[in-house]
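Numbering (the numbering used here), first residue to last: 8 to 178.
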């Protein structure tokens, strides 16, 4: 498991991206890049060949830092607040209303079919809510055309599924 704050001394080391090195703020020692280990981390050591501390930094740490900055910005915080209304709400509806707490069928194929049907039901429910709530606005928008095409496609798919099930039940 990942343990948080494994290295309590990490706050004493500052990374300099222009020189690709770490600096110990207490002693002023500079840890320069040496190599990449098998786990995919860059290793930084003091320039003399003493058996001192080895600092590790992920190869993609720059990307992680940019993502962290974006997440902690005002836009990122506002976007994260909307998560509970959109994404988490969808999963909560799936668990509460569509039987996702437990497996309803045995086998991956049957559960996948059940998942597709329940996702189609959720999408149709969301489209119906949007169409009834904003019907005047959506009549002239491009989204209405997309929703209409999707609904026709979903109903055609469900009709085909019912035809297949009726054929299978007669066998």
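Where is the CB? At the ideal position from N, CA and C, for every residue including glycine.
Keep in mind that this is a model prediction, so the values were computed, not measured.
Nearest to residue i (by Cα), restricted to the options the options
i	options	result
residue 130	89, 157, 87	157
residue 64	27, 86, 106	27
residue 45	102, 66, 58	66
residue 68	108, 48, 114, 80	48
residue 120	162, 168, 80	168
residue 125	140, 161, 90	161
residue 133	100, 177, 88	100
residue 22	11, 13, 40, 14	40
residue 127	19, 58, 91, 159	159
residue 19	42, 43, 60, 25	60
residue 70	112, 24, 86	24
residue 106	123, 175, 90, 91	123
Counted within 10 angstroms of its Cβ, other Cβ atoms place residue i as buried (16 or more) or exposed
i	result
residue 38	buried
residue 62	buried
residue 118	exposed
residue 29	buried
DSSP-derived helix/strand/coil call for residue i
i	result
residue 65	strand
residue 38	strand
residue 81	helix
residue 27	coil
residue 19	helix
residue 112	coil
residue 166	helix
residue 50	strand
Query raised in the report: Quick one: any contact between the segment 94-103 and the segment 48-56, if contact means 3 or more CB pairs under 8 angstroms?
Result: Result no; under three Cβ-Cβ pairs closer than 8 angstroms.
Query raised in the report: Does the segment 67-77 come within contact of the segment 27-34, defined as at least 3 CB pairs closer than 8 angstroms?
Result: Three or more Cβ pairs closer than 8 angstroms define a contact, and the segment 67-77 falls short of that threshold against the segment 27-34.
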